[in-house]
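Under numbering that gives the first Met the number 0, think of the first position of the sequence shown as 0, with each following residue one higher. A virtual CB, placed ideally from N, CA and C, is assigned to each residue, including glycine. Some notes on the structure that comes next.
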Amino acid sequence: MPQILTVLGARPQFIKASPVSHAIAKAGMSEVIVHTGQHFDALMSDVFFDELAIPRPAYNLEVNSLGHGAMTGRMLEKLEAAMLAEKPDLVLIYGDTNSTVAGALAAAKLHIPVAHIEAGLRSFNRRMPEEINRVLADHVSTLLFCPTRTAVQNLAAEGITRGVHAVGDVMFDTTLAAIERSAGRSAILERLALTPKTYSVATIHRAENTDDPARLAQIVDWLEQRARTAPIIMPVHPRTRKLFAQRGISPAGLTLIDPIGYLDMARLVHHAAAVFTDSGGLQKEAYFHRVPCVTLRDETEWVETVDAGWNRLWQGPDFAERRDIPDYGEGNAAHLISELIAGTLK
Ligand code: UD1
């Protein structure tokens with residue numbers, strides 16, 4: 000039986016892994032999950048494994064709360080040991096975090112094929128740690144699963160054409176499952192006494208936004224102005240919470256809440272009037288729920304959402320005319336990925 004070793008570490012990776020892990024099991028392959036420990040508390044990690052029924056990690060490397068060099072370095076060392084012990088036929092990595100690049104590099108050096116889910120995304124901003132992680136991971140991957148045609152073109156522009164497959168977006172698979180599961184299981188609207196379509200949802204966590212005090216203040220100011228017309232609910236990422244506390248920021252008109260689970264988030268976004276975010280995943284989820292999004296960044300990897308009128312940059316032009324986006328697939332990306340992996344490992 001082919002064995003896959005999957006590297007997970009951060010919240011968006013748990014969300015992407017859920018449909019893929021189920022499809023891998025269904026296809027008769029075995030999977031060992033290694034959690035790097037990058038996101039570690041119950042609200043940022045455990046709740047996703049529970050709610051999305053992701054198999055329990057066989058390893059937790061407990062690497063977190065370090066600078067980029069130390070974090071990536073320690074992960075690399077511990078991931079190599081896990082890979083040597085497990086001898087997988089393939090290593091599966093997701094997205095653009097430090098856990099992604101550490102997994103890619105550890106496997107490539109051991110000559111284990113790497114499959115990258117969400118390959119080919121580019122912001123063309125090399126000051127973002129995520130952009131460096133994406134470029135490096137893609138260049139050592141054997142199988143590159145792209146969520147969009149733009150991603151395929153981005154890879155071609157860097158000379159990567161072998162092993163590239165446009166399969167659609169696994170987060171669409173997860174969203175469809177969550178819409179179904181959250182009905183009757185999430186009480187978030189009742190808990191916060193919210194009426195559908197009368198509130199907005201905001202998140203901020205990118206280092207490019209949080210680490211520069213002037214920029215963070217500018218974003219908070221923008222959100223406060225928006226909150227004058229409709230209340231804003233903000234589940235606060237630990238990075239942002241720390242910085243708000245250090246700088247004494249308590250935004251007027253924003254309801255700050257702890258990070259919430261996936262089913263609560265799906266229901267909260269589904270009924271929101273708008274989403275304001277610097278998260279990559281949430282920009283697309285807003286579209287999946289057909290809620291307009293304003294992206295709190297100067298560029299986005301998800302250019303289709305902007306072209307199709309569902310997203311715009313906060314300091315950019317107004318929304319384009321709205322249309323659907325066929326690129327993200329039909330909610331069967333995880334199935335396509337598991338078939339392609341099984342075909343390669345035969
Ligand atoms: C990371 C990823 C980013 C991804 C994001 C999703 C990198 C370079 N960045 O950013 O691509 O979009 O995850 O959230 O890998 N913390 C806690 N509890 C937790 C997790 C984190 O307190 O469960 C704290 C950490 O100790 C740290 C801060 O939050 O001080 C930031 O965490 P970190 O792992 O550095 O990166 P993220 O900002 O989450």
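- Taking the Cβ of Gln-245 as the reference point, every heavy atom of the ligand UD1 lies at 6 Å or farther away.
- Between Val-151 and Val-134, the CB-CB gap reaches or exceeds 7 Å.
- Between Ala-80 and Val-139 a beta carbon distance of about 19 Å is seen, past the 8 Å cut, so the two are scored as non-contacting.
- The distance from the Cβ of Ser-17 to that of Glu-30 is about 12 Å, inconsistent with a contact at the 8 Å cut-off.
- At a cut-off of 6 Å, the beta-carbon of His-34 does not count as near the ligand UD1: no heavy atom of the ligand is closer than that.
- Counting only the Cα atoms, Thr-299 lies some 14 Å from Ile-203.
- Beta-bridge partners assigned by DSSP to Thr-294: Thr-276, Leu-312.
- The residues Ile-3, Thr-5, Ala-114, in chain order, have a CB closer than 6 Å to that of Leu-91 in the same chain once the five nearest residues on each side in sequence are set aside.
- Within the chosen limit of 6 Å, the ligand UD1 does not reach the beta carbon of Met-74 with any heavy atom.
- With respect to Pro-11, Gly-94 sits close: the two C-beta atoms are nearer than 7 Å.
- Taking all protein chains shown into account, Pro-234 has 16 or more neighbouring C-beta atoms within 10 Å of its C-beta and is therefore buried.
- Here DSSP, grouped into helix, strand and coil, assigns Tyr-93 to strand.
- Taking each of Asp-297, Ile-231, Thr-276, Thr-209 in turn and checking the Cα distance to Arg-246, the smallest one comes out for Thr-209.
- Look at His-110 here: in three-state DSSP terms it is coil, with no helix or strand label.
- Beta-bridge partners of Ile-231 (DSSP): Ser-199, Leu-253.
- Here DSSP, grouped into helix, strand and coil, assigns Val-139 to coil.
- Per DSSP, reduced to three states, the secondary structure at Ile-248 is coil, with no helix or strand assignment.
- Ranked by Cα distance from Ala-156, the first of Ile-178, Phe-123, Gly-308 is Phe-123.
- Counted as a single uninterrupted DSSP element, the alpha helix (DSSP H) harbouring Ile-14 occupies residues 10-25.
- Taking C-beta atoms as the reference points, Ser-199 and Ile-159 fail to come closer than 7 Å.
- Taken from the Cβ of Ala-69, every heavy atom of the ligand UD1 lies 6 Å or farther away.
- Taken in chain order, the whole alpha helix (DSSP H) runs of length 4 or more contained in the region 139-211 are 148-156, 169-181, 187-190, 206-209.
- Within the model, the alpha-carbon separation for Gly-328 versus Leu-253 is close to 35 Å.
- Just measuring C-alpha positions, the residue of Tyr-58, Ala-41, Lys-15 sitting nearest Pro-146 is Lys-15.
- For Glu-85, the uninterrupted alpha helix (DSSP H) segment begins and ends at 67-85.
- Comparing alpha-carbon positions, the option among Lys-345, Leu-344, Glu-338 lying closest to Lys-25 turns out to be Glu-338.
- In this chain, the alpha helix (DSSP H) harbouring Thr-343 covers 332-344.
- Within the model, the alpha-carbon separation for Thr-99 versus Lys-77 is close to 14 Å.
- Taking the Cα positions, His-269 is about 10 Å away from Ser-181.
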